[in-house]
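Residue numbers (mature numbering (1 follows the signal peptide of the UniProt record, and there is no 0)): -27 to -1, 1 to 284.
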C-alpha cells in the first residue's frame, strides 16, 4: 500500500497522455504501471494539438496542396477510480475539432467516443534488484457524437465500437524503469451514408468491415515523487485493409500503420498536493496511409481520497 500511495499522483495523466497517431483518440495508452489505491479518484483534463502536411498514400510519401496542413484540437476529460489497490477503472471522452489550411472541405467538431477501461495488476514481485509487475487491461470505446466516420481525413473517429485487450510488463530498479506492452483491438462494422463503395472490388452495401489492429509499445525512463521523465515508442498495425488509391480520399477500411516516438514529462509540486502537470509530444516517423503527424499535449489532474480516513 505504501508503494501505491507514493505514486498515486503521477498515474492519472499518464493514461491520457498519448492520443492516437492521427486525428482520432484511440484510447488511453495504459503505458504506466502505477495504480491508484483503493477509494482514490483522479479527475483529469488534457489538451492536444495535431498537425501534418505530408502523408503516406500506401507506401508513397507525398503532400496535397489542395488540403495544405491538416490539424486537430483535442480536449479530453475523464476520471480514474481505484476499486482496490490492484483494480482501477477509468472513463474518458474527447471533444475534437479538425480543419485544413487550404481547399474547400470543412472540418468536423464534436464529441467522439466514450473510452472505458479496467486495469488489473495481476503480478507484483521482487525479482533480483528490481520490482516486476504485470498488468492486464480491458478497454472499449462507444461512439457518442453524431459525426461522420466516412469523411477522412477530417473524421473525428471511425465511428466503430471497439474492444481491446492489453498486457503490460514493467520492471523498475530504484527510480529507473523499462516497460513493454502489446494490445489487440477488435473493431465492429460501421454504417456509412452511401449504398455502394469501392475498395479493391465493388461493394453494394452501406456496411463497412474495419480491420482489427495491434498496438505495441516500449517505454523507459525515470520516476520520483516529484518528476517523471519517460521516452515512448509505439507501433500501430491494422490486420488487413487496402491502400489509398492514387489521388483519392482515405477510406475507413484502409490499411493504417504508424510508428511513433515521443516523450512525457510529469511534475507534481509538493506545495500543491494532489495536483500533477504533464507535457508531452510524439511524432510519426514511419507509416502507411496515415499522416506524418506531430502532436504536442499538456494535461492537469487532481487526485484525492473519496473516503475519509479514520482518526
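Here a beta-carbon is modelled for each residue, glycine too, at the ideal position from N, C-alpha and C.
Next on the checklist: Please state the DSSP three-state secondary structure of residue 120.
Outcome noted: coil
Checklist entry - For residue 67, which three-state DSSP category applies? => result Strand, per DSSP.
Next on the checklist: Taking the straight line between their C-alpha atoms, what separation do you get for residue 301 and residue 261?
Outcome noted: In the structure as shown, the chain begins at -27 and stops at 284. Residue 301 is therefore absent and cannot be evaluated.
Item to check | Proximity winner among 15, 136, 176, 200, relative to residue 50 (alpha-carbon distances) | outcome: Checking every option, the nearest Cα to that of residue 50 belongs to 15.
Item to check | Cβ neighbour criterion (16 or more within 10 Å) applied to residue 20 | outcome: Its Cβ having fewer than 16 others within 10 Å, residue 20 is exposed.
Item to check | Segments assigned beta strand (DSSP E), at least 3 residues, entirely inside the segment 73 to 98 | outcome: 82 to 84
Next on the checklist: Tell me whether the segment 113 to 121 and the segment 168 to 178 touch, counting them as touching only if at least three CB pairs, one residue from each stretch, are closer than 8 Å.
Outcome noted: With the cut-off at 8 Å, the segment 113 to 121 and the segment 168 to 178 do not touch.
Checklist entry - What does residue 103 pair with, by DSSP beta-bridge criteria? => result 100
Checklist entry - Which residues bound the beta strand (DSSP E) around residue 226? => result Here residue 226 belongs to no beta strand (DSSP E), and DSSP marks it neither H nor E.
Item to check | DSSP-derived helix/strand/coil call for residue 202 | outcome: strand
Next on the checklist: Tell me whether the segment 54 to 61 and the segment 37 to 46 touch, counting them as touching only if at least three CB pairs, one residue from each stretch, are closer than 8 Å.
Outcome noted: no
Item to check | Residue span of the beta strand (DSSP E) that contains residue 8, given as start and end | outcome: Going by DSSP, residue 8 is part of no beta strand (DSSP E) at all; its letter is neither H nor E.
Item to check | Cβ neighbours of residue 211 in the same chain (closer than 7 Å, five flanking residues each side left out) | outcome: 184, 186, 228, 229, 230
Checklist entry - Taking residue 33 as the reference, which of 48, 130, 264, 157 has the closest Cα? => result 264
Next on the checklist: Using CA atoms only, rank isn't needed, just tell me which of 158, 7, 179 is closest to residue 97.
Outcome noted: 7
Next on the checklist: The beta strand (DSSP E) that contains residue 172, what's its start and end?
Outcome noted: Unbroken run through residue 172: none, as it is neither H nor E.
Checklist entry - Just reading off the beta strand (DSSP E) that residue 24 is part of, what are its end residues? => result 13 to 25
Item to check | residue 260 in three-state terms, based on DSSP | outcome: Reduced to three states, the DSSP call for residue 260 is strand.
Item to check | Cβ pair residue 90, residue 112 closer than 8 Å | outcome: yes
Item to check | Span separating the alpha-carbon of residue 99 from that of residue 105 | outcome: 6 Å
Checklist entry - From which residue to which residue does the beta strand (DSSP E) around residue 268 run? => result 267 to 278
Item to check | Identity of the residues DSSP links to residue 59 by a beta bridge | outcome: For residue 59, which the question treats as bridged, DSSP gives no partner whatsoever.
Next on the checklist: Taking 6 Å as the limit between beta carbons, can you name the residues of its chain near residue 87, skipping five residues before and five after?
Outcome noted: 66, 115, 117
Next on the checklist: Using only the alpha-carbon positions, how far apart do residue 266 and residue 203 sit?
Outcome noted: 20 Å
Item to check | Cβ shell of residue 46 (< 6 Å), same chain only, five flanking positions each side left out | outcome: 22, 70
Next on the checklist: Between residue 232 and residue 191, how many whole angstroms is the CB-CB distance? I'm expecting something under 8 Å.
Outcome noted: So it is not a contact: roughly 11 Å between Cβ atoms.
Checklist entry - Going by other Cβ atoms of all chains shown within 10 Å of its Cβ, with 16 needed for buried, is residue 74 buried or exposed? => result The C-beta of residue 74 has fewer than 16 other C-beta atoms within 10 Å across all chains shown, which makes the residue exposed.
Checklist entry - Going by Cα to Cα distance, which pick from 226, 144, 48, 110 is closest to residue 162? => result 226
Next on the checklist: Following a CB-centred definition, is residue 229 positioned closer than 7 Å to any heavy atom of the ligand GTP?
Outcome noted: In the structure on display, the ligand GTP does not appear, and there are no ligands present to speak of.
Checklist entry - Should residue 154 be labelled buried (16 or more other beta-carbon atoms within 10 Å of its own) or exposed? => result The residue in question, residue 154, is buried, as its Cβ has 16 or more Cβ neighbours within 10 Å.
Checklist entry - In chain order, what residues of the same chain have a beta carbon less than 6 Å from the beta carbon of residue 156, not counting five sequence neighbours either side? => result For residue 156, same chain residues with a beta-carbon under 6 Å away, outside a window of 5 residues either side, are 137, 139, 188 in chain order.
Item to check | For residue 199 and residue 158, the rounded distance between their alpha carbons | outcome: 34 Å
Item to check | Same chain, Cβ closer than 6 Å to residue 179, five either side skipped, listed in chain order | outcome: 164, 165, 168
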